[in-house]
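Each step along the sequence shown adds one to the number in my numbering, with nothing skipped, and position 121 is 279. Below you'll find the structure, written out as structure tokens, and then a few comments.
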Amino acid sequence: VIDSNMNLLTKDLNKSEGGEVSAESIEKQFSLEKKYEEDLQKSIVELLEPVVGKSKVKSSVNVDLDFDSKQKTQTTIDPNKVIVSQQTVKENNGAGAGQNSQGPVDNNMGNTIEEKNTNNNSSREEVSTNYESGKTEVKTISAPGEVKRLTASVFIDGNIDGNVQAAIEKSVANAVGLNTERGDSVS
159 VIDSNMNLLT KDLNKSEGGE VSAESIEKQF SLEKKYEEDL QKSIVELLEP
209 VVGKSKVKSS VNVDLDFDSK QKTQTTIDPN KVIVSQQTVK ENNGAGAGQN
259 SQGPVDNNMG NTIEEKNTNN NSSREEVSTN YESGKTEVKT ISAPGEVKRL
309 TASVFIDGNI DGNVQAAIEK SVANAVGLNT ERGDSVS
């Protein structure tokens, strides 16, 4: 959280030994909330005084700040797989027809032994494919000092019509950074 002069309000907020929250840090958190409220009140008055007149505007702002530090990690797996590597192994083993060889008894004789191998052809094909899924990892760290809720009330001395009132409410909402989703309001 920063003030209107761009000074970091949450610097050294929870700085204590052992990471424990001390009474000093709680007091500092309270004073930071009050300073932030005062800065917004001053901003509202400076915005409206030129329009409605000097010393005719009073404002009150209440801010609830969250001083917890949060860390969130989100991992998203891409369903589309990408081939990283692919390996194909093909193997063919085949035995040929019979062979003629000399008989062991006498080299001069015409005895031959015919070896007949049955047709033992074998083949093997192996395909190995490695896929990789895409993965996106988002790590979000929220610093202490986030606005949990903000309410602002503005009082103007004098009568104003409905159109001017609506314009003032819109201007104040923009000046304080109103967010209706978190329950902020301006009256």
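Even for Gly, the Cβ is constructed at its ideal location relative to N, Cα and C.
Integer-rounded CB distance, given that residue j should sit under 8 Å from residue i
{"i": "glutamate 304", "j": "leucine 206", "result": "That belief does not hold up - the Cβ atoms of glutamate 304 and leucine 206 are roughly 27 Å apart, past 8 Å."}
{"i": "leucine 198", "j": "valine 219", "result": "4 Å"}
{"i": "valine 296", "j": "glutamine 245", "result": "Not confirmed; about 34 Å, so no contact."}
{"i": "lysine 239", "j": "serine 286", "result": "That belief does not hold up - the Cβ atoms of lysine 239 and serine 286 are roughly 15 Å apart, past 8 Å."}
Beta-carbon spacing of residue i, residue j below 9 Å
{"i": "isoleucine 299", "j": "valine 210", "result": "no"}
{"i": "valine 312", "j": "serine 217", "result": "yes"}
{"i": "alanine 333", "j": "serine 213", "result": "no"}
{"i": "aspartate 161", "j": "tyrosine 194", "result": "yes"}
{"i": "isoleucine 235", "j": "lysine 306", "result": "no"}
{"i": "leucine 336", "j": "valine 221", "result": "no"}
Environment of residue i [buried if 16+ CB atoms lie within 10 Å]
{"i": "glutamine 187", "result": "buried"}
{"i": "glutamate 191", "result": "buried"}
{"i": "tyrosine 289", "result": "exposed"}
{"i": "alanine 301", "result": "exposed"}
{"i": "glycine 256", "result": "Note that glycine 256 has pLDDT 48, beneath the 50 cutoff, so the model's placement of it is unreliable and no number is given."}
{"i": "valine 322", "result": "exposed"}
{"i": "serine 345", "result": "exposed"}
{"i": "isoleucine 326", "result": "buried"}
{"i": "valine 242", "result": "exposed"}
{"i": "valine 247", "result": "exposed"}
{"i": "alanine 310", "result": "buried"}
Residue i - containing alpha helix (DSSP H), residue span
{"i": "phenylalanine 225", "result": "Note, phenylalanine 225: premise wrong, no alpha helix (DSSP H); not H, not E."}
{"i": "glycine 320", "result": "320-334"}
{"i": "serine 345", "result": "Where serine 345 is concerned, there is no enclosing alpha helix (DSSP H), given that its DSSP letter is neither H nor E."}
{"i": "isoleucine 184", "result": "181-210"}
Residue i CB to nearest heavy atom of the ligand MN below 8 Å
{"i": "isoleucine 241", "result": "Only the bare structure without any ligand can be found here, which leaves the ligand MN out of the picture."}
Identified DSSP bridge partners for residue i
{"i": "glycine 232", "result": "In the sequence on display, residue 232 carries glutamine and not glycine. Glutamine 232 is bridged to Val296."}
{"i": "lysine 216", "result": "Phe313"}
{"i": "threonine 338", "result": "Answer by DSSP bridge pairing: none, since threonine 338 is not bridged."}
{"i": "serine 291", "result": "Lys239"}
{"i": "asparagine 251", "result": "Ser280"}
{"i": "serine 286", "result": "Gln245"}
Extent of the continuous beta strand (DSSP E) to which residue i belongs
{"i": "lysine 306", "result": "304-314"}
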